[in-house]
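Chemist: Residue numbers in the sequence shown follow the numbering used here, run continuously in steps of one, and reach 125 at the last position. Before anything else, here's the structure in question.
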Amino acid sequence: MILEKELRLQKNLDINSKIINLEENEQWAIVDLIEIIRNVGDKLFDKNKKSIDKILMLDTDKAIPVLIEALNIYETSKHEPCSVYALILKFAKKQPGKVLGLLKTALTNDEAPKYYLEELIKKTSKLQK
-3 MILEKELRLQ KNLDINSKII NLEENEQWAI VDLIEIIRNV GDKLFDKNKK SIDKILMLDT
57 DKAIPVLIEA LNIYETSKHE PCSVYALILK FAKKQPGKVL GLLKTALTND EAPKYYLEEL
117 IKKTSKLQK
């Protein structure tokens, strides 16, 4: 049995470059959400429904690039990237075609961990059918 792995250094999370052109209230909603994810990880879905609702109200074209970048969040055993993954899937359920295109572009540009992007692409592709 041979295990093949691709070693990829952790990319730094750079939300600022993704939110610079958003309205101030949208920027705050995203920054707030990222901080909550850093602090509580997947408990976000139990404790912070208002923050989730604010993000889900954003336009897909604005939210998904930021959430893709947020997949680079540092994992500290609170399932931080998985929380972001779940939020991306919520958008994919609403607009699978648009999200799929953004995910494929992100994969081509190596914007986030390949594993997460590939899995999101598989799941989003199934939503399109």
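Quick reminder that beta carbons are idealized off the backbone N, C-alpha and C, glycines included. Quick caveat: nothing in here was measured; it's all calculated off a predicted structure.
#1: State yes or no: is the C-beta of Leu113 nearer than 7 Å to some heavy atom of the ligand SAM?
#2: Can you grab the Cα-Cα spacing for the pair Lys94 / Ile60, in whole Å?
#3: Below 8 Å, can you find three or more Cβ-Cβ pairs linking the stretch 48 to 66 to the stretch 28 to 36?
#4: Could you pull out every residue in the same chain whose Cβ sits closer than 6 Å to the Cβ of Thr56, ignoring the five residues on either side in sequence?
#5: Nearest to Ser121 by CA position, among Leu99, Gln23 and Asp49, is which residue?
#6: Put Asn44 into one of helix, strand or coil per three-state DSSP.
#7: DSSP state of Lys74, grouped into three classes?
#8: Confirm, please, whether the CB-CB distance from Glu22 to Lys45 is below 8 Å.
#9: Enumerate in chain order the residues of its own chain whose CB-to-CB distance from Cys78 is below 7 Å, with the five nearest sequence positions on each side excluded.
#10: Going straight from the alpha carbon of Asp42 to that of Ile33, what length do you get?
Modeler: Quick answer:
#1: As for the ligand SAM, it is missing from this structure, which has no ligand bound.
#2: Here the alpha carbons of Ile60 and Lys94 stand approximately 9 Å from one another.
#3: Cβ pair count under 8 Å is three or more, so yes.
#4: Excluding sequence neighbours, Thr56 sits near Phe87, Gln91 and Lys94.
#5: Ranking Leu99, Gln23 and Asp49 by Cα distance to Ser121 puts Leu99 first.
#6: Three-state DSSP puts Asn44 in coil, outside helix and strand.
#7: Looking at Lys74 - three-state DSSP - the assignment turns out to be coil, as it is neither helix nor strand.
#8: Not in contact: Lys45 and Glu22 (Cβ atoms no closer than 8 Å).
#9: Asp38.
#10: For Asp42 and Ile33, the distance between alpha carbons rounds to 12 Å.
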